[in-house]
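Under full-length UniProt numbering, the sequence shown has 231 at position 231, and the numbering climbs by one with no breaks. Notes follow once the structure below has been shown.
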Amino acid sequence: MTDRPLPLRILGIDTSCDDTGVGIVELTPDGRVTVLANRVWSQAVHAQYGGVMPELASREHVERIDQIMEGALHEAGLSVTDIGAVAATSGPGLVGALLVGLMYGKGLAQALNVPFHAAHHLEGHIFAAASEAELRAPFLALVVSGGHTHLFDVPRDGEYMLVGATRDDAAGEAFDKVARLAGLGYPGGPAISEAATRGDPNAVPFKEPLKGQSGFDFSFSGLKTAALLAHRAGATPENLAASFQRAAVQTLVNTTVRAAEATGRTTVVVSGGVAANRALRDAFATTGLHVVFPGRGLNTDNGAMIALAGAAAIQAGRPASALDGGATAYAPLANA
């Protein structure tokens, strides 16, 4: 625990990919955590390439991070000297992009003489849901984004057991690729979701991936190939979007429900950019599980989720991170 008295204002930074995020949360003596600010700059430069260009992402972070931090402080009504701890993503992600926020956060913590916490990006996504409900183990956590599709069992606070993961594409990556195939634009998640409202979800008979498996893995490459064939056969963009979304949601929900039954968990955290999908939320609402989603603006990459992960580390009594640690492109969250 930091020596600073509560309430404690924690500033979080995430530059793991193509979003420059700075957020501020307040941790009170009774353990409540409130999001005071969440500013994100989403880089539009990548749209012309249909995917993230790592070098361009790094440059955009360098150019924008000062402005985004100043905006977050203004939104929270604070000065920089009110910050009592700093957290920044150290991995996984694009190393060049990660280093921008990581070094910025370390420098800020050192200048303010406050604790610094290196945060795991996936733990940040999980604790984004702490903005809506108190997270106490045990629970399941499904992280679904453009780069990740992981299902964790969390038997105790700070302990993550990998139950299942994608064998190929991440869910969000598949949404991007199908959207590009159908000419719906980038990023694919919102584009697919919007087009699906005008399509028939049963128009293309996609099969649920890995149906009948004994484990809890995911796969989206087959759906991507099936979408290509349906597109060539003349499926409209709207019908393709609706049918693909139905199949993708089906496999995410059904696999998670089976994992909950196998582990005995009744609470599930669903986070990451794909967690904003309305069809996914509606499907989980019918499962009978207690499902917690992040608050508005906290599904995609952002700094507030990293500040929330920092608050969880402080509450758990984890020591501050050393300032000589580096960024890591591949950093498994599971510790069991």
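Built from N, CA and C at the ideal position, the CB exists for glycine as well. These numbers come from a predicted model, not from an experiment.
Mind checking who residue i pairs with in its DSSP beta bridge?
| i | result |
| --- | --- |
| Ala178 | Just to set this straight, residue 178 is Val in the shown sequence, not Ala. In the DSSP output, where bridge partners are listed per residue, Val178 has none listed. |
| residue 339 | Beyond the ends of the chain as shown, which are 1 and 336, falls residue 339; an answer cannot be given. |
| Val22 | Ile13 and Arg39 |
| Ser193 | Its beta-bridge partners do not exist; DSSP assigns none. |
| Gly164 | Leu151 |
| Val274 | According to DSSP, which records beta bridges pairwise, Val274 is partnered with nothing at all. |
| His290 | Thr267 |
| Val218 | Per the sequence presented here, residue 218 reads as Phe, with Val not at that position. DSSP output for Phe218 lists Thr166 as bridge partner(s). |
| Leu142 | Leu151 and Val270 |
| Thr34 | Glu26 |
| Leu8 | Leu27 |
Is it true that the CB of residue j sits closer than 7 Å to the CB of residue i?
| i | j | result |
| --- | --- | --- |
| Leu210 | Ser219 | yes |
| Ala119 | Thr89 | yes |
| Ser321 | His121 | no |
| Leu162 | Ala307 | no |
| Ala316 | Asp157 | yes |
| Asp200 | Ala242 | yes |
| Gly303 | Val22 | yes |
| Gln250 | Ala196 | no |
| Leu273 | Gly189 | The sequence shown places Gly at residue 273, rather than the Leu named in the question. In contact: Gly273 and Gly189 (Cβ atoms closer than 7 Å). |
| Gly84 | Leu8 | yes |
| Leu102 | Val268 | no |
| Pro138 | Pro155 | yes |
| Ala171 | Val204 | no |
How close, in whole Å, do the beta carbons of residue i and residue j come, if the pair is a contact with beta carbons under 8 Å?
| i | j | result |
| --- | --- | --- |
| Ile65 | Thr28 | Between Thr28 and Ile65 the Cβ distance is about 28 Å, and since that is not below 8 Å, they are no contact. |
| Ala247 | Leu223 | 6 Å |
| Glu55 | Gln43 | The pair is not a contact, with the Cβ atoms about 12 Å apart (cut-off 8 Å). |
| Ala87 | Phe293 | The pair is not a contact, with the Cβ atoms about 22 Å apart (cut-off 8 Å). |
| Ser131 | Leu298 | 6 Å |
| Asp30 | Val52 | Wrong, their Cβ atoms sit about 40 Å apart, outside the cutoff. |
| Leu289 | Thr266 | 6 Å |
Legend entry - the region 33-40 in contact with the region 68-75 per 3-pair CB rule at 8 Å: yes
Legend entry - Three-pair Cβ contact test at 8 Å for the region 319-330 versus the region 143-153: no
Inset, instruction - Indicate whether the contact test is met: 3 or more Cβ pairs, each with one atom in the region 90-110 and one in the region 4-20, closer than 8 Å. - result: yes
Inset, instruction - Indicate whether the contact test is met: 3 or more Cβ pairs, each with one atom in the region 147-160 and one in the region 246-263, closer than 8 Å. - result: yes
Inset, instruction - Run through the region 73-125 for me and flag every whole beta strand (DSSP E) of 3 or more residues, listed as ranges in chain order. - result: 85-91 and 116-120
Legend entry - Three CB pairs or more closer than 8 Å across the region 301-315 and the region 180-193: no
Inset, instruction - Spell out a yes or no on whether the region 262-271 and the region 229-241 are touching, meaning 3 or more CB-CB pairs, one atom from each, closer than 8 Å. - result: no
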